[in-house]
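Residue numbers (our numbering), protein chains in the order written: chain V, 1 to 173; chain Y, 1 to 173. What follows is a set of notes on a single structure, which appears directly below.
There are 2 protein chains.
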Amino acid sequence: GHLHNSEAFNYGVETWEAYKRGGLSKDLVEEQKKVQEADLLIFQFPLFWFSMPAILKGWMDRVLVQGFAYDLSKAYDGGLLQDKLSLFSFTTGGSQEMYSNEGISGDIRYVLWPMQHGIMHFCGVKVLEPHICYAPENVSEEKRKEMLTAWTQRLKTLWKEEPIDCSPEWYFK
Amino acid sequence: GHLHNSEAFNYGVETWEAYKRGGLSKDLVEEQKKVQEADLLIFQFPLFWFSMPAILKGWMDRVLVQGFAYDLSKAYDGGLLQDKLSLFSFTTGGSQEMYSNEGISGDIRYVLWPMQHGIMHFCGVKVLEPHICYAPENVSEEKRKEMLTAWTQRLKTLWKEEPIDCSPEWYFK
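And the structure:
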């Protein structure tokens with residue numbers, strides 16, 4: 001559609017305005033509908049460079065627009081996607097030891113902060129304990145099967161879990 | 001080209017093998033050539049969701065492949081892109097106060113960790129002090145001009161700067 005302000009292009013403002021007038025592209029509207037209807041968002045991905053693969057980051061960038069996911073003074077505990085849960089479930093290349101507090105990669109919680117706090121908490125979405133499978137490439141077939149079984153088991157009682165603490169203390173203490 | 005292992009597709013292995021046999025797509029080879037020739041990589045972007053916009057994350061995901069940027073036991077101080085410098089220069093939506101240690105977004109250094117440590121340091125690239133313009137949308141025209149002037153000034157003496165400390169202490173202490 002037309003630009004709200006074609007003299008000074010601002011991506012955030014344009015998507016916000018497009019959202020308000022129902023002018024976002026169809027694929028985004030469909031994704032937003034899925035988010036709106038969901039009680040729980042599970043993001044499953046391989047960790048690439050301490051973060052989500054670009055295609056999933058692009059989903060965050062494009063779908064969670066102002067007006068839909070947050071708004072002026074409506075962020076963090078006041079975010080627009082309240083009463084929803086999220087869960088980051090991912091595999092890593094590095095070992096658990098590398099992602100320990102004394103490990104060379106640094107505590108895995110440092111990796112979780114931008115995703116869990118910076119994105120989900122910002123939108124008002126609560127976060128369940130992340131589900132991390134360390135280095136499935138480098139473990140035995142038996143261990144890989146155990147990882148799948150553990151995930152299957154966890155899914156069965158997921159609805160009974162309480163969200164984790166959203167404060168910086170959870171991540172950096 | 002053909003897959004190295006078509007029975008169990010592994011993105012990391014395939015790009016690594018493609019790199020070794022010179023089979024990466026042309027655009028990636030060109031980007032890698034630019035990186036190889038550069039002494040300093042400046043990444044300039046608007047901060048989206050505590051991180052790079054997806055298109056820049058995709059550049060990291062696709063260009064910095066194993067064999068080129070790092071290898072088995074060749075990561076962090078042993079990374080393959082040594083003797084290079086990098087600098088993350090970005091604008092934010094949130095104010096400096098929000099990104100202070102006591103701010104609601106949390107210390108801006110938590111945002112820097114995955115990019116500076118998780119990507120650049122992993123590849124052996126040293127990191128200069130980041131250049132951050134906070135909330136240019138919400139400041140006066142005069143302030144915006146000052147931001148540009150400050151950046152111009154900094155660029156003049158950039159080659160005299162020393163890299164920052166790469167340790168977790170820089171980020172989390």
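For each residue, glycine too, the CB sits at the ideal point set by N, CA and C. These numbers come from a predicted model, not from an experiment.
Closest Cβ-Cβ distance between residue i and chain Y: below 8 Å?
i: ASP61 of chain V; result: yes
i: GLY1 of chain V; result: no
i: SER6 of chain V; result: no
i: ALA238 of chain V; result: One cannot answer for residue 238 of chain V here, as it falls past the ends of chain V, which runs 1 to 173.
i: PHE172 of chain V; result: yes
i: LYS143 of chain V; result: no
i: ALA150 of chain V; result: no
Grouping DSSP H, G and I as helix and E and B as strand, with all else coil, what is residue i?
i: GLN44 of chain V; result: strand
i: LEU80 of chain Y; result: coil
i: ILE108 of chain V; result: helix
i: TYR171 of chain V; result: helix
i: ASP61 of chain V; result: helix
i: HIS117 of chain Y; result: helix
i: THR174 of chain V; result: For residue 174 of chain V there is no data in the structure shown, the boundaries of chain V being 1 and 173.
i: CYS123 of chain V; result: helix
i: LEU128 of chain Y; result: coil
i: LEU257 of chain V; result: Chain V is shown only over 1 to 173; residue 257 of chain V falls outside these bounds and no answer can be derived.
Is residue i close to chain V? Criterion is C-beta to C-beta, closer than 8 Å.
i: GLY67 of chain Y; result: no
i: SER140 of chain Y; result: no
Within the same chain, show all residues whose beta-carbon is closer than 6 Å to that of residue i, passing over the 5 residues directly before and after it, in chain order.
i: PHE88 of chain V; result: PHE43, MET115 and PRO130
i: LYS74 of chain Y; result: LEU80
i: SER95 of chain Y; result: TYR134 and ALA135
i: GLU161 of chain Y; result: LEU128
i: TYR171 of chain V; result: ARG109 and TRP113
i: LYS126 of chain Y; result: LEU85 and PRO163
i: CYS166 of chain Y; result: HIS121
i: GLU31 of chain V; result: VAL63
For chain C, check one thing: does any of its Cβ atoms lie closer than 8 Å to the Cβ of residue i?
i: SER73 of chain V; result: Among the protein chains in the structure shown, which are V and Y, there is no chain C.
Can you name, in chain order, every residue of its own chain whose Cβ lies under 7 Å from the Cβ of residue i, other than the five neighbours on each side?
i: ARG62 of chain V; result: LEU28
i: CYS123 of chain Y; result: LEU64, ALA69, TYR70, GLY79, LEU80 and LEU81
i: HIS4 of chain V; result: VAL13, GLU14 and GLU17
i: GLY23 of chain Y; result: GLY1
i: PHE45 of chain V; result: MET52, PRO53, LEU56 and PHE90
i: ASP77 of chain Y; result: GLY124
i: ASP39 of chain V; result: LYS84 and LEU85
Can you find a heavy atom of the ligand SAH that lies under 7 Å from the Cβ of residue i?
i: SER100 of chain V; result: For the ligand SAH, the structure offers nothing, since it holds no ligand at all.
Cutting at 8 Å between CB atoms, please list the residues of its own chain near residue i, excluding the five before and the five after it.
i: ILE104 of chain Y; result: MET98
i: GLU169 of chain V; result: none
i: LEU47 of chain Y; result: PHE90, THR91, THR92, GLY93 and VAL111
i: LYS20 of chain Y; result: GLY67
Relative to chain V, which residues along the region 19-49 of chain Y have a C-beta separation below 8 Å, given in chain order?
-> Per Cβ criterion, the list reads PRO46, PHE48 and TRP49.
Residues, ordered as in the chain, of the region 152-170 of chain V that lie near chain Y by beta-carbon distance below 7 Å = Those would be PRO168, in chain order.
At which residue ranges does the region 11-57 of chain V contain complete beta strand (DSSP E) runs of 3 or more residues, listed in the order of the chain?
-> Qualifying beta strand (DSSP E) stretches, in chain order: 40-46.
Which residues, taken in chain order from the region 104-131 of chain Y, show a beta carbon closer than 9 Å to some beta carbon of chain V?
-> Listed by position along the chain: ILE104, SER105, GLY106, ASP107, TYR110, VAL111, TRP113, PRO114, MET115, HIS117, GLY118, ILE119 and PHE122.
Quick one, which residues of the region 77-106 of chain Y are near chain V if we go by CB-CB under 8 Å, in chain order?
-> Under the 8 Å Cβ criterion, the region 77-106 of chain Y contributes GLY93, ILE104, SER105 and GLY106.
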